[in-house]
Amino acid sequence: MSRHTTFRYCLDPTVEQSVVLVRHAGAARFAFNQSLAFVKTALTQRKIDPEYPVPWTRFDLINAFNAWKKTEAAGRVFAVDASGITEIEVTGLAWRNQVRQQVFEEAAADCSSALAAFSESRTGKRAGTRIGFPRFKSKGKTVPSFRLRSIQAKTGRASVRVGDHDTARSVTLPGIGAVRVREDTRRLRRLLAKGRAKILYATVSYRSRRWWISLTTESSDLHPAHRHQPRKDSDCQGWVGIDRGLTVFAVAATADGAEVARFDTAPKPLAAGLSRGRHLAKSLSRKQKGSHNHHLAVVRLGRHHRRVADIRRHFAHQVANTLVKTHDRIVIEDLNVAGMLGNHRLARAISDAGWAGFARLLTYKQAWRGGTVIIADRWYPSSKRCSACGTISAALSLADRVFLCECGFSADRDHNAAINLAMWPTMHQNFSRSPDPRAGGRVTKVRRREGADRHPLGVGETVPGEAGTEIHAALAL
Ligand SMILES: [Zn+2]
Numbered sequence: 444m445s446r447h448t449t450f451r452y453c454l455d456p457t458v459e460q461s462v463v464l465v466r467h468a469g470a471a472r473f474a475f476n477q478s479l480a481f482v483k484t485a486l487t488q489r490k491i492d493p494e495y496p497v498p499w500t501r502f503d504l505i506n507a508f509n510a511w512k513k514t515e516a517a518g519r520v521f522a523v524d525a526s527g528i529t530e531i532e533v534t535g536l537a538w539r540n541q542v543r544q545q546v547f548e549e550a551a552a553d554c555s556s557a558l559a560a561f562s563e564s565r566t567g568k569r570a571g572t573r574i575g576f577p578r579f580k581s582k583g584k585t586v587p588s589f590r591l592r593s594i595q596a597k598t599g600r601a602s603v604r605v606g607d608h609d610t611a612r613s614v615t616l617p618g619i620g621a622v623r624v625r626e627d628t629r630r631l632r633r634l635l636a637k638g639r640a641k642i643l644y645a646t647v648s649y650r651s652r653r654w655w656i657s658l659t660t661e662s663s664d665l666h667p668a669h670r671h672q673p674r675k676d677s678d679c680q681g682w683v684g685i686d687r688g689l690t691v692f693a694v695a696a697t698a699d700g701a702e703v704a705r706f707d708t709a710p711k712p713l714a715a716g717l718s719r720g721r722h723l724a725k726s727l728s729r730k731q732k733g734s735h736n737h738h739l740a741v742v743r744l745g746r747h748h749r750r751v752a753d754i755r756r757h758f759a760h761q762v763a764n765t766l767v768k769t770h771d772r773i774v775i776e777d778l779n780v781a782g783m784l785g786n787h788r789l790a791r792a793i794s795d796a797g798w799a800g801f802a803r804l805l806t807y808k809q810a811w812r813g814g815t816v817i818i819a820d821r822w823y824p825s826s827k828r829c830s831a832c833g834t835i836s837a838a839l840s841l842a843d844r845v846f847l848c849e850c851g852f853s854a855d856r857d858h859n860a861a862i863n864l865a866m867w868p869t870m871h872q873n874f875s876r877s878p879d880p881r882a883g884g885r886v887t888k889v890r891r892r893e894g895a896d897r898h899p900l901g902v903g904e905t906v907p908g909e910a911g912t913e914i915h916a917a918l919a920l
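For the sequence shown, the positions run 444 to 920 when the working numbering is used.
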């Protein structure tokens with residue numbers, strides 16, 4: 444079991460269930476903020492006493508929260524007895540039994556991850572944009588969401604189940620019960636029934652005025668028949684270059700010049716969606732702020748954006764699936780090339796973001812099939828190089844659709860770039876022996892989601908004894 448996949452459905456809760464979902468999302472936000480408050484208080488203390496411990500690991504924060512929720516600070520009532528003596532009764536967090544305790548723990552764990560991300564970004568262990576210190580989640584501004592682990596009972600029954608009580612379109616959550624979903628769940632039910640997948644956790648979130656559920660599952664490797672035949676190290680054939688086009692989404696070609704696939708820019712609903720998006724945005728701008736109609740227009744535009752994003756994502760999945768099914772060795776260009784083109788048009792920026800997401804899909808889907816995706820050196824001039832004679836033409840501009848070389852070779856611009864990408868690995872034969880970090884290296888494994896297999900198996904709360912089982916690295920602050 445090594446693949447992690449996510450199944451997402453739109454929930455259709457009853458009115459009573461919606462109330463429960465809102466309560467759980469509120470509890471998650473509360474626990475995150477409370478955990479962050481523990482850290483902030485400890486940091487203030489540490490200014491006075493440099494030895495003062497700062498709780499920040501997953502277990503530190505879970506234990507801190509579990510201890511805190513029963514204290515006077517979390518809740519108390521004044522009780523007056525018959526003789527008129529007032530006593531303070533410590534109740535702890537009064538509403539804590541109205542939600543699953545796991546919700547608190549997962550939120551505390553999220554706070555810990557946010558702190559770790561900040562710390563790693565600060566010390567340079569984490570690449571990419573700088574990550575700031577976590578901030579408190581505010582009610583209106585953050586997406587309401589919560590997460591529940593699926594726990595296997597001794598009887599073998601998981602706490603998160605799909606299609607219980609002969610209701611195929613439903614997901615059963617611990618403490619909440621069976622919630623109806625709008626989509627067909629057959630694919631997931633089949634995997635679960637055959638024991639080829641198991642649900643790790645369920646994340647429920649409220650976006651575009653709807654409740655969604657994402658079920659993260661761990662599933663077994665693809666059937667050998669669906670995997671690529673392993674190649675010998677000496678084999679340097681079979682590379683396919685994929686270039687994103689200016690007018691098409693992507694073009695794939697082999698090193699000997701054959702174009703093997705071409706994908707149009709976007710599915711038709713997307714083009715139609717653009718004009719509808721403009722129409723909805725205009726309609727919104729005409730509404731008076733704070734009015735009911737303004738609110739409705741915001742909702743409509745939000746739903747539209749969501750739909751367009753869904754179509755685009757679906758399309759990217761389809762293209763990536765087609766490519767990894769037919770080719771075991773794929774070369775794509777370095778994503779940073781995009782930034783170097785210096786084109787600041789919005790459309791281009793969107794397409795860049797889409798391409799980065801596409802490269803990620805391609806990489807993990809290919810890893811499932813035992814194939815390879817490599818990223819060509821970012822200095823490799825794939826679009827300016829002549830794939831026939833190797834001359835680099837500096838004169839090529841973005842507007843040129845056709846590549847023309849002095850040697851007489853001419854080809855579609857994207858086709859020529861794809862051939863060049865396919866030629867890259869054979870031109871850089873040592874890539875597999877000494878993977879150049881800049882070149883991406885070869886992909887051999889699916890990366891396990893960090894922490895996904897570290898959920899404690901006990902039902903309910905984490906016992907204090909479990910604290911300290913993780914290595915406590917110092918938090919860089
Ligand atoms: Zn040439």
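All residues carry an ideal CB built from backbone N, CA and C; glycine is no exception.
Less than 8 Å between the C-beta atoms of residue i and residue j, yes or no?
| i | j | result |
| --- | --- | --- |
| ALA684 | ASN863 | What sits at residue 684 in the sequence shown is Gly, not Ala. Closer than 8 Å, so yes. |
| ARG772 | TRP655 | no |
| THR449 | THR659 | yes |
| ALA640 | SER662 | yes |
| ILE531 | PHE521 | yes |
| VAL624 | GLN460 | no |
| CYS453 | ARG653 | yes |
| THR697 | ALA865 | yes |
| ALA601 | ILE642 | yes |
| ALA831 | PHE852 | yes |
| PHE547 | ALA474 | yes |
| ILE754 | VAL816 | no |
| ALA645 | VAL603 | yes |
| LYS512 | LEU486 | no |
| ARG650 | VAL586 | yes |
| LYS732 | ALA763 | no |
| VAL523 | ARG466 | no |
| HIS747 | LEU723 | yes |
| HIS871 | GLU702 | no |
So the candidates are the options; which of them puts its Cα closest to the Cα of residue i?
| i | options | result |
| --- | --- | --- |
| ASP921 | ALA704, SER734, ARG604 and GLN761 | Because the chain here runs from 444 to 920, residue 921 falls outside it and cannot be looked at. |
| TRP822 | ALA865, ASP777 and ALA860 | ASP777 |
| ALA551 | PHE801, LYS584, LEU591 and ARG519 | LEU591 |
| ALA471 | SER588, GLN672, PRO868 and GLY575 | SER588 |
| LYS725 | ALA645, VAL741 and ASP664 | VAL741 |
| HIS760 | ARG743, HIS735 and THR806 | THR806 |
| HIS608 | ASP857, LYS490, LYS597 and GLY620 | GLY620 |
| PHE692 | PHE801, LYS584 and ARG569 | PHE801 |
| ASN476 | LYS808, ARG632, THR487 and SER581 | SER581 |
| TRP867 | SER825, PHE481 and LEU634 | SER825 |
| SER657 | SER613, ASP664 and SER677 | SER613 |
| HIS447 | ALA810, HIS858, HIS871 and PHE706 | ALA810 |
| PHE758 | ILE491, LEU839, ASN736 and TRP798 | TRP798 |
| ASP455 | GLU626, HIS770 and LEU635 | GLU626 |
| GLN672 | VAL463, HIS770 and CYS850 | HIS770 |
| GLU849 | LYS730, GLY833 and ASP553 | GLY833 |
| GLU549 | VAL482, GLY618, ALA516 and ALA468 | ALA468 |
| VAL463 | LYS490, THR514 and TRP538 | TRP538 |
Tell me where the beta strand (DSSP E) around residue i begins and ends.
| i | result |
| --- | --- |
| GLY684 | 682-686 |
| VAL520 | 519-523 |
| ARG828 | Premise fails: ARG828 is in no beta strand (DSSP E) and is neither H nor E. |
| ARG630 | From DSSP, ARG630 is part of no beta strand (DSSP E) but of the alpha helix (DSSP H) over 629-636. |
| HIS858 | Note, HIS858: premise wrong, no beta strand (DSSP E); alpha helix (DSSP H) at 856-870. |
| ILE775 | 772-775 |
| LEU847 | 845-847 |
| VAL742 | Note, VAL742: premise wrong, no beta strand (DSSP E); alpha helix (DSSP H) at 735-769. |
Hey, residue i and residue j are a contact pair by Cβ (cut 8 Å); roughly how many whole angstroms apart?
| i | j | result |
| --- | --- | --- |
| PRO577 | ALA557 | 4 Å |
| ALA396 | PRO498 | Outside the displayed span of the chain (444 to 920) sits residue 396, for which this structure offers no information. |
| VAL767 | ARG812 | 6 Å |
| LEU504 | SER478 | 4 Å |
| ARG844 | ILE835 | In fact, because the Cβ distance is near 19 Å, the residues do not count as touching under 8 Å. |
| LEU727 | LEU744 | 6 Å |
| LEU631 | VAL605 | 6 Å |
| THR500 | GLY518 | In fact, because the Cβ distance is near 26 Å, the residues do not count as touching under 8 Å. |
What span of residues does the alpha helix (DSSP H) with residue i cover, start to end?
| i | result |
| --- | --- |
| THR484 | 458-491 |
| ASP609 | Here ASP609 belongs to no alpha helix (DSSP H), and DSSP marks it neither H nor E. |
| VAL550 | Per the sequence presented here, residue 550 reads as Ala, with Val not at that position. Counting along the chain, the alpha helix (DSSP H) containing ALA550 begins and ends at 544-566. |
| ASP707 | Careful: ASP707 lies outside any alpha helix (DSSP H), inside the beta strand (DSSP E) at 702-707. |
| THR598 | Where THR598 is concerned, there is no enclosing alpha helix (DSSP H), given that its DSSP letter is neither H nor E. |
| ARG623 | Run containing ARG623: none in the alpha helix (DSSP H); it sits in the beta strand (DSSP E), 620-624. |
| ALA507 | 501-511 |
Identify the residues that DSSP records as bridge partners of residue i: which are they?
| i | result |
| --- | --- |
| ARG821 | Beta-bridge pairing links ARG821 to no other residue. |
| TRP655 | CYS453 and SER648 |
| ARG590 | THR646 |
| THR529 | VAL523 |
| LEU677 | The question names Leu, but residue 677 is Ser in the sequence shown. Answer is none; SER677 lacks a bridge partner. |
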